[in-house]
Amino acid sequence: MTSQRTRERLIQRLKEQGISNQRVLDVMRVTPRHLFLDEALSHRAYEDTALPIGYGQTLSQPYIVALMTELLLSLGPRRKVLEIGTGSGYQTAILAQLVDQVYGVERIKPLIDKARERLRLLGLRNVRLSHSDGGFGWAENAPYDGILSAAAPNQVPEELLHQLAPDGILVIPVGSGEVQELRVITREGDSANFEERVVEQVRFVPLLSGISR
Ligand code: SAH
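Take 1 as the starting number for the sequence shown in my numbering and just add one per residue.
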């Protein structure tokens with residue numbers, strides 16, 4: 001189920017859906033998604049679908065991970081990236097292989113503990129994780145060249161805009177309903193002006209406030 005052929009089929013599917021960044025495709029090809037799931041679900045790891053990771057949360061669909069990563073890199077290489085909603089750590093692992101340093105925040109303690117262990121096993125050392133409310137970003141390490149949120153707020157949190165470096169890019173689902181808009185927001189140079197565009201309709205879990213133990 002986790003054979004090279006099964007993984008290759010997934011990469012083929014991502015290409016057919018329009019993912020064209022070769023580095024993103026290469027990293028997704030070699031990253032073992034099955035290690036980010038409970039054993040009972042690992043046989044489904046290379047299906048292009050979101051899968052449960054417990055605590056009412058899901059590991060994002062590979063297409064969405066690929067799309068958001070491609071968008072994050074669309075203005076050129078990113079050095080420092082903040083990820084909100086680390087969950088299983090799969091998206092984190094993809095980012096860690098494409099940028100210099102990843103900072104991840106997650107509000108559910110057991111999820112972040114497991115994610116930390118998986119990233120360590122994979123030898124990905126350029127990741128720092130924090131058990132905190134990502135609605136406030138992670139001010140201590142700001143500014144970020146890119147911010148990617150895997151949870152949907154009703155509105156874009158101001159804090160995230162403040163933590164973007166000049167020409168930084170924020171990729172985030174926004175909306176309160178079942179379906180949200182995937183938005184790409186870019187900071188124009190070092191100004192306080194932001195350009196915003198909607199990419200497509202997506203389904204994410206909501207960005208909740210506070211942390212959970
Ligand atoms: N990229 C993850 C997606 C997990 S789902 C993966 O592929 O596994 C989104 C995650 O966002 C959930 O784990 C949820 O707990 C987390 N989340 C929701 N609101 C949050 C907040 N305010 N701060 C940090 N994490 C949050």
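The beta-carbon is built from N, C-alpha and C at its ideal position, and this holds for glycine as well.
In terms of Cβ geometry, TYR46 and LEU98 do not form a close pair [threshold 8 Å]. Cβ-Cβ distances below 8 Å link TYR90 to THR31, ARG33, PHE36, LEU59, SER60, VAL65 in the same chain, with the five nearest sequence neighbours on each side left out; the list follows chain order. DSSP places GLU47 outside both helix and strand once states are collapsed to three, so it counts as coil. Nearest Cα to ARG203 within the set GLY54, PRO173, LYS114, GLY56: PRO173. At a Cβ-Cβ threshold of 8 Å, TYR103 and LEU82 count as neighbours. When secondary structure is reduced to three states using DSSP, ARG78 falls in the coil class, being assigned neither helix nor strand. Checking the DSSP bridge columns, you'll see PHE136 has no partner listed. Counting C-beta atoms within 10 angstroms of its own C-beta, LYS114 has 16 or more neighbours from the protein chains shown and is therefore classed as buried. With respect to the C-alpha of THR6, the residue from ILE19, ASN21, ASP48 having the closest C-alpha is ASP48.
Contact between GLN57 and ARG79 is ruled out by a C-beta separation of about 28 Å, above the 8 Å threshold. Beta-bridge annotation (DSSP): GLY210 is not paired with any residue.
A residue is called buried when at least 16 other Cβ atoms come within 10 angstroms of its Cβ; GLU178 does not meet this threshold and is exposed.
Distances taken from the Cβ of ARG107 to the heavy atoms of the ligand SAH include one shorter than 7 Å. When the Cα atoms are used, LEU119 and ALA96 turn out to be separated by approximately 9 Å.
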